[in-house]
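This report refers to the structure that appears directly beneath it.
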Amino acid sequence: MARRGKLEAKKAFLDTLLETSGFPLVKGIVPLVTWEQIVEAGYGDGVMEVYRSLGGLKDEPIVELPEWDYELSHVGLELDEDLHFNRYRTITLRSSLYEKLPNFPLRNYRNYCLIYEKNCLKVGKTVRRWSNEKAKQHFGKPGKRAVLTAEGSPLWKLRAFQDFLKDITPLVFPTAAMVRVSIWDRLLTTGKLVYINDILETKDVMLGRSLIKYIGRKLNPDPIKAG
Numbered sequence: 426m427a428r429r430g431k432l433e434a435k436k437a438f439l440d441t442l443l444e445t446s447g448f449p450l451v452k453g454i455v456p457l458v459t460w461e462q463i464v465e466a467g468y469g470d471g472v473m474e475v476y477r478s479l480g481g482l483k484d485e486p487i488v489e490l491p492e493w494d495y496e497l498s499h500v501g502l503e504l505d506e507d508l509h510f511n512r513y514r515t516i517t518l519r520s521s522l523y524e525k526l527p528n529f530p531l532r533n534y535r536n537y538c539l540i541y542e543k544n545c546l547k548v549g550k551t552v553r554r555w556s557n558e559k560a561k562q563h564f565g566k567p568g569k570r571a572v573l574t575a576e577g578s579p580l581w582k583l584r585a586f587q588d589f590l591k592d593i594t595p596l597v598f599p600t601a602a603m604v605r606v607s608i609w610d611r612l613l614t615t616g617k618l619v620y621i622n623d624i625l626e627t628k629d630v631m632l633g634r635s636l637i638k639y640i641g642r643k644l645n646p647d648p649i650k651a652g
């Protein structure tokens, strides 16, 4: 519960930064892709390849996606914390579909998955974060908690797949866009590199302005592609 409280506090601070900076926060505008829409757009094979690589069991990967963390007009904004960086996310990031998303921070995200998996494991080995019924339906029974070999964590796999599906939103809906901000991104501000995680934890308003400028740069100059 303590971790959830810290995460909510970080998101609340980012909420305040976005609102006071004039970003048009909305709800229910940026679409969430469905399997039928993916197939219609011609990306069914590529998505199924990722699903199978994660150990997906169903004939069709019909996965319900969580709401966007933030919606800024037609742009879905995701704040990625510890649980989003691990070996299963690396599998999704190998998809050839990312070649169609040139603004996606692919190299950084692959590096984060390698460097920060230990952080993911630290917070993601609890019963609630390791597996649930929906994840088991798609990716089978869980392995021993904190052991990533063999079966591993079906819920981590599900989260990685959901992230991948959100990444390809601009391919399925060309008028929509999405961007990702990682807590492990670093900004050069006041003459030093600062982790976004530290900005959100300290709630430093001056550093927060640098974060808002960073988000603004990710939204432009090509807002119809993932960044």
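Letter by letter, the sequence shown follows residues 426 to 652 in our numbering.
Cβ coordinates follow ideal geometry from the N, Cα and C atoms, glycine included.
Same chain only: Cβ atoms within 8 Å of residue i, ignoring 5 sequence neighbours per side
{"i": "ILE516", "result": "VAL475, SER478, LEU479, ALA585"}
Residues near residue i by beta carbon distance below 7 Å, same chain, minus five either side
{"i": "GLY471", "result": "SER520, SER521, LEU522"}
{"i": "ILE624", "result": "LEU632, GLY633, LEU636"}
{"i": "LEU580", "result": "ARG554, TRP555, SER556, ASN557, ALA560"}
Three-state class that DSSP yields for residue i in the structure shown
{"i": "ASP440", "result": "helix"}
{"i": "LEU636", "result": "helix"}
{"i": "GLU496", "result": "strand"}
{"i": "ARG535", "result": "helix"}
{"i": "ARG570", "result": "coil"}
{"i": "LEU644", "result": "helix"}
{"i": "GLY501", "result": "strand"}
{"i": "GLU450", "result": "First, the amino acid is wrong: residue 450 is Leu here, not Glu. Strand at LEU450."}
Burial state of residue i (16 or more Cβ within 10 Å)
{"i": "ASN645", "result": "exposed"}
{"i": "GLY453", "result": "exposed"}
{"i": "PRO449", "result": "exposed"}
{"i": "ILE649", "result": "In this prediction, ILE649 scores a pLDDT of 37, lower than 50, which makes its location untrustworthy; no coordinate-derived value is stated."}
Endpoints, alpha helix (DSSP H) assigned at residue i
{"i": "GLY469", "result": "469 to 478"}
{"i": "THR574", "result": "Looking at the DSSP string, THR574 is not in any alpha helix (DSSP H), and its letter there is neither H nor E."}
{"i": "LEU625", "result": "621 to 627"}
{"i": "LEU596", "result": "594 to 597"}
{"i": "THR515", "result": "512 to 517"}
{"i": "HIS563", "result": "558 to 564"}
{"i": "ILE463", "result": "460 to 465"}
Range of the contiguous beta strand (DSSP E) that encloses residue i
{"i": "ALA602", "result": "602 to 607"}
{"i": "THR551", "result": "No beta strand (DSSP E) contains THR551, which DSSP labels as neither H nor E."}
{"i": "THR614", "result": "611 to 614"}
Nonlocal neighbours in the same chain, by C-beta distance under 6 Å from residue i, ignoring five residues either side
{"i": "ARG611", "result": "LEU618, TYR620"}
{"i": "PHE510", "result": "TYR537, CYS538, TYR541, CYS545"}
{"i": "TYR639", "result": "LEU612"}
Expected contact under 8 Å - CB spacing of residue i and residue j to nearest Å
{"i": "LEU490", "j": "LEU457", "result": "4 Å"}
{"i": "GLY481", "j": "PHE589", "result": "Incorrect: roughly 11 Å between the Cβ atoms, too far for contact."}
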